[in-house]
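The structure appears below as structure tokens.
There are 2 protein chains.
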Amino acid sequence: MKKPRRTNVPAHYIIDYIISAMLEPFFSPDRIAIIGASTDPNKMGSNVIRNIIGFGFKGDIYPVNRHALEIEGLRCFPSVKEIPGKADLAIIIIPAPGVAGVLRECGEVGIRHVIIQSGGFSETGPEGAEREKELQEMAREYRIRVLGPNCIGVIDTHTPLNTTFVLGTPQKGDIGFVSQSGAVVVSVMDWAQSKGIGFSRIATMGNQMDVSAMETIHAVAGNPNTRVITTYIEGIADGRKFLQVARDIALKKPFLALKGGQSEKGADAVSSHTGALSGSMEAWEAAFRKSGVLQVNNMQEMFDQARALAWQPLPAGRRVAILTNAGGFGILAVDALQKYGLEMAPLTDKTRSWLRERIPSAGSVNNPVDIVAGTGPATYALALDALLADETVDAVIVIQAPQDWFRQSSVAEVIGEGATLYRKPVITCLMGKTDAEETLALLHKRRIPNVAFPERAASILAVMDKRRQWLDAMKQSGELAAELAAEPASEVPADAARLIKKKDWEALAAAYGVPLPPQKTADTEEKAVRAAGKIGYPVALKLVSAKFTHKSDVGGIRLDLHSDDDVRRAWHEISAAADKAGADMQGVLVQKMLKGGQEVIIGIKQDAQFGGLVVFGTGGTEVELYKDVCTAIAPLDPVEAARLIDGTVAGRKLQGWRNMPPRDRKAVTDILIRMSQIAANHPEIAEMEMNPLYVLEDGNGAFALDIRGSSS
Amino acid sequence: MKKPRRTNVPAHYIIDYIISAMLEPFFSPDRIAIIGASTDPNKMGSNVIRNIIGFGFKGDIYPVNRHALEIEGLRCFPSVKEIPGKADLAIIIIPAPGVAGVLRECGEVGIRHVIIQSGGFSETGPEGAEREKELQEMAREYRIRVLGPNCIGVIDTHTPLNTTFVLGTPQKGDIGFVSQSGAVVVSVMDWAQSKGIGFSRIATMGNQMDVSAMETIHAVAGNPNTRVITTYIEGIADGRKFLQVARDIALKKPFLALKGGQSEKGADAVSSHTGALSGSMEAWEAAFRKSGVLQVNNMQEMFDQARALAWQPLPAGRRVAILTNAGGFGILAVDALQKYGLEMAPLTDKTRSWLRERIPSAGSVNNPVDIVAGTGPATYALALDALLADETVDAVIVIQAPQDWFRQSSVAEVIGEGATLYRKPVITCLMGKTDAEETLALLHKRRIPNVAFPERAASILAVMDKRRQWLDAMKQSGELAAELAAEPASEVPADAARLIKKKDWEALAAAYGVPLPPQKTADTEEKAVRAAGKIGYPVALKLVSAKFTHKSDVGGIRLDLHSDDDVRRAWHEISAAADKAGADMQGVLVQKMLKGGQEVIIGIKQDAQFGGLVVFGTGGTEVELYKDVCTAIAPLDPVEAARLIDGTVAGRKLQGWRNMPPRDRKAVTDILIRMSQIAANHPEIAEMEMNPLYVLEDGNGAFALDIRGSSS
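Heads up: the sequence lines are chains F and Y, in that order. The first sequence maps to residues 1 to 712 in my numbering. The second sequence maps to residues 713 to 1424 in my numbering.
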């Protein structure tokens, strides 16, 4: 008998699972109390109860209103205390001053889940914040989980439950949506209806006085009906928690995010809007990359891509075939694929000759395959099958310009049927208004996303490919780490705290295993000569002075010294320069003179939202001007370090360029990881930077020639 | 009595006007012969005649068909020769082999305008090309202007005339559309119907055997009903003609272009598609910039922007105010504005305090102005008026998230009325499906474009701003040119041809007024010392050898020589190095040693489609790696030269950066213009490049240290 296989589930998975399970009553309660239910159609309390009933909630509904006997045909209760069976979810929609009283009553009768939709709390100013604090303490006292206040509640299309006041019914589907803005949810629901986009769960978080953004995202993403999670995020309280939760989710399901407040001005609007703190955009982008979250630019893109990711398999590679009945659209699709970094599938000779016999002679059997105007569903069926069967094809875009010879719906049906025979993504762009509704219905039935213009199909495939690459990279991470000769120390060196206090950044870097060039300080001419002899010529001499950190500005550097005499002369020149500049010369640093290397910069800094960041790029004095740098969140694993390097021109140059030899990229990767450990281990270091890190030819290592830092 | 003011109309304006007038019968004929008209609904000849009748053409229609007596109730003729009154436009829709015969008949009866919609010509291969050549000769013989073959004809919504076979009627409007692809027209018409986009004229060009792309664009753009011209272009025959015509049009009307075949692969598809030659993308982008054509990325963008440019005034500046009832969308709009380089209007204190008294206390009177949920048309009316009246506001985006308290159509009506009081653009983003149709109708009546999400409003305003800037730059061009001290020679220097033949690029540059550093060649040590003394120390010595152009590779350069002794030593070192490398030392170039300058590159090259190009950017050995270069079409005027410089990091660095002083930007502008003259005057120079052009501090000039070239 085999032993049952044991899977290694990290502890935080289990904790998050429990938290998410504890939030279930928000989405699938059995008995709901609606405090503030109303018969007055001008009040939100009227819309909410009508939505709950109208959406088909199957459990018990208890309207609570002191002044009514019956609402929407249901018996009404003067308070939650009078409800016979205990409700497991209460919704509060009464004016702010009364909320505390009814929340206490909920606590007293043992209701553990409450959605406060009322506004008038921390979003309005100090007085409201005071009120919110009172609610927070009360929630803690009675152990009530509270969603809101100042939110529009939740929707679960499968329960079904709709606690919002918004008219209009979202379609059942597999996209989960969590939004920091209620208005964004309202308009997305509105817009999605006409686009065939269906939802599993939708949740808004309001002021997050208790249930956090990450908990809400977890509850929506963790739901089995959710295949893709979409989010509108302005700012979050705990960046590190976001990284962990988002990555856990993204490993299982595609996670799309639209970040509001990207610009400086946008960030201003965020603070005045929800009071949430928005981190710098580079940090957010790095966080999305690290956790596998797919960042989108706008709403349309988010749901275009969500639908495709929910419906279609991921492509195995980036080679796309285009099938079209109009050359112009083939060209536009090729342009878009190129723009998004995808490739044209070459197609096998077999495919081409097979197609040649079956499409009009005016058509093209090279990719894009152009079956020209006048062809119909039969030709589409044959060509699509040939392309999907071709091993050089990873995905297919099917385009049909409007035509009057065949019903477009027949083409839709043919594509829907043909695509199911293969595990390759198919995106259509069937244009034409004649039987558009039937066409869309047939495509959606087969889970084929249709777009209005070919460019959008390319953008969808690009995001699918990005996700595939990230999942592949996640698998690789473990393997690559093993390959690296020296596993970097993740433990904190014994004397790290002391070195940081002393601001001895060189020693700290060395303690973490960052290689410094052979070097020695010397406080007399004789000692300098001896040090040079020991290190071996050629050497460089650098002024040591507490007053001047930019030594070159005062003439405090002498390079490429080849003899004892050179060193003596350099000593005197530096002394004279120091005197002239009024520097307190404490001696010189005698450093092995390195040559023929490439200068890169590695920096670390702390971000308010995500903690330690690592920056890599082209080094030198013009770093800020050319901005050839990329940012990542610390700590880095080898795959992340490699991606950080590859994101820059400096990284491409490391691989060798023109008559320059390839440099020691492996050494750079290693040092990047070590620096990222420093960033992760020491939040008290505000900034630390080696500029340049001097990278020698492959196999000869890289050395930090100048290290600076500052601590908080 | 005042003299009548004489306007300076360039000759090509008049010629183009005449050409365009001569094409009028294609769009507004009086009597049309339809050769190939058919009663068989499966033939295009049936669709065409039904479209001409159905679209309401008011002139005479003569179906020509040997086998029918009557088609669609009209008397049918066996040939054009039998038609009683002469037709002024003939449309041919019969199979390719018969086309030549009927074209000759058209010629014989004196028809001077023919649209050949039949396919089967040069687009299908050599046999078809042969047939097309025959038609071309015949057209020349009879002086017939031919549109096509292989096109879908034209539409004029005002005549009204629709010669296409496409079902569906485009709406009357003010957008002109010219497309190199018939399929693109078909799908755009189809899609535009549901978006409230109307057209003045639409034309397709097919194989352009006679009437060219530029003539067609001219005829559509020149029509008084056209307020904006949109084009789908794959490739054109005469790039220089495009530049001239496009600029003339763009000075009068906004000109939008979607370029198909941008990518390498896309360009492949172009050649196999229409046989047209597609230039390199950089050249196209430069051509669009030079001629004021607004380049778009896709169809949706093109018509989004066309509608706005047709309907709304241009903004006077780039400061935008946002009016919203939902904070989240305000944030997304701000993000998008920032992304597109627009600014947030600061708003005056007066506006803010006026608004403070009129909007809910939870709202924000800072830009974005948030009037929060629950407000309706009255609040929108007040806030919009306050923003439009504010002198710090150049344009307004009005956003409404869906809400149930007020009819959205009332908000639409309020905005439409309020916007007409000011000459500032207003773009709306009213979301909500309830009375969407009525809302759109009301907005369109007032010529207000509405978009689905705020990002698109920002992209529209960005393009409007781009057009305003280009028009401003056109005005400036003349003024700036006058400011420049030395008007560059546009005449060809007398000995230019000889210098090009000798490949003496330095002398050629000098003949065009490009400053070289003080320098002198010397073929002996003594002459070198004398030359150095004359030039003044410090100097540099550079090996002169026919064999080695890259002198530094063989140790052929010695810099920063301060004395006669230095020069002698350098002479011997260079001699030794030349010997060792096997170079035929002809002497040395003694050059004034320049210091503290910035290295930039200026290059010129020839493009197959647009002729001379000028490239500017960061110089040095790593030009290709950092790719900090921009391209423009030669010749340059001062404004174009300034824009070319500003498009690069090198240009920003010229203005001074950190502790670097501002450099002589004016000298760079002057040299750029001179180099552009060389590119324009000498197409036989394939490439010529100065790397580096050494730019000294402001007022001290710039010197070409190394010039290379190659000629065809």
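All residues carry an ideal CB built from backbone N, CA and C; glycine is no exception.
Distances from the CA of Y:M921 to each of Y:M1143, Y:A1221, Y:R852 and Y:I806 were compared; the closest alpha carbon is that of Y:R852.
Bounds of any alpha helix (DSSP H) do not take in Y:C788, whose DSSP letter is neither H nor E. One alpha carbon belongs to Y:D1410, the other to Y:I1109, and they sit about 43 Å apart. The beta-bridge partner set that DSSP reports for Y:V1302 consists of Y:K1232 and Y:L1253. In the structure shown, Y:F1322 falls within a coil segment according to DSSP collapsed to helix, strand and coil. With respect to Y:A1185, Y:Y1052 sits apart: the two C-beta atoms are not nearer than 8 Å. Of the candidates Y:V1341, Y:L1356, Y:L1035 and Y:D1340, Y:L1356 places its Cα closest to the Cα of Y:P1347. Between F:V365 and F:R352, the beta carbon gap of about 4 Å places them in contact (Cβ cut-off 8 Å). In this structure, DSSP gives F:A183 a helical state, which the three-state scheme calls helix. The alpha carbon of Y:G865 has as its nearest neighbour, out of Y:A895, Y:Q883 and Y:R843, the alpha carbon of Y:A895. A Cβ-Cβ separation of about 7 Å places F:I399 in contact with F:L323 under the 8 Å criterion. Listed in chain order, the alpha helix (DSSP H) runs fully inside the region 922-971 of chain Y are 925-933 and 951-964, counting runs of at least 4 residues. DSSP places Y:M917 outside both helix and strand once states are collapsed to three, so it counts as coil.
Annotation: Cβ neighbours of F:N298 in chain Y (cutoff 7 Å, chain order): F1165 and E1167. For F:C151, the three-state secondary structure derived from DSSP is coil. Taking a 10 Å sphere around the C-beta of F:A321, we find 16 or more other C-beta atoms and assign the residue as buried.
Put simply, the CB of Y:P1114 is near chain F, with a gap under 8 Å to one of its CB atoms.
Note on geometry: alpha-carbon atoms of Y:T916 and F:L442 lie some 33 Å from one another. Classified as exposed, Y:K1339 has fewer than 16 neighbouring CB atoms from the shown chains inside 10 Å of its CB. Contact between the region 1079-1095 of chain Y and the region 1117-1129 of chain Y is present: three or more C-beta pairs spanning the two stretches fall below 8 Å. Inclusion of Y:P1027 and Y:D886 in the CB contact set at 8 Å is not warranted, their separation being larger than that value. The beta-carbon of Y:E946 is placed less than 8 Å from the nearest beta-carbon of chain F. F:V178 and Y:A1391 have their C-alpha atoms spaced approximately 57 Å apart. Here Y:D1291 is exposed, its C-beta having fewer than 16 other C-beta atoms within 10 Å. Note on geometry: alpha-carbon atoms of F:D394 and F:R358 lie some 22 Å from one another. Between the region 44-64 of chain F and the region 246-253 of chain F, the count of Cβ pairs shorter than 8 Å is below three; the stretches do not touch. In this structure, DSSP gives F:P692 an extended state, which the three-state scheme calls strand.
Contact between F:E123 and F:N207 holds, since their C-beta atoms are separated by about 6 Å, short of 8 Å. Its Cα nearest to that of F:D40, the residue F:H67 stands out among F:F26, F:F27 and F:H67.
Restricting attention to alpha helix (DSSP H) runs no shorter than 4 residues, the region 1044-1077 of chain Y encloses them at 1061-1068, ordered along the chain. Residues of the same chain with a CB within less than 6 Å of the CB of Y:G1331, apart from the 5 flanking positions on each side, are E1311, V1312, I1313, N1403 and P1404 in chain order. Proximity to Y:C863 across Y:Y854, Y:Q883, Y:R855 and Y:Q892 peaks at Y:Q892, based on C-alpha coordinates. Secondary structure in the region 743-772 of chain Y: the alpha helix (DSSP H) runs of 4 residues or longer, each lying completely within the stretch, are 756-766 in chain order. Straight-line measurement puts the Cα of Y:I909 at about 25 Å from the Cα of Y:L1096.
Contact between F:M593 and F:P518 is absent: CB atoms are separated by about 10 Å, not below the 8 Å threshold. For F:F27, no chain Y residue has a C-beta closer than 7 Å to its own C-beta; the minimum C-beta separation is roughly 22 Å.
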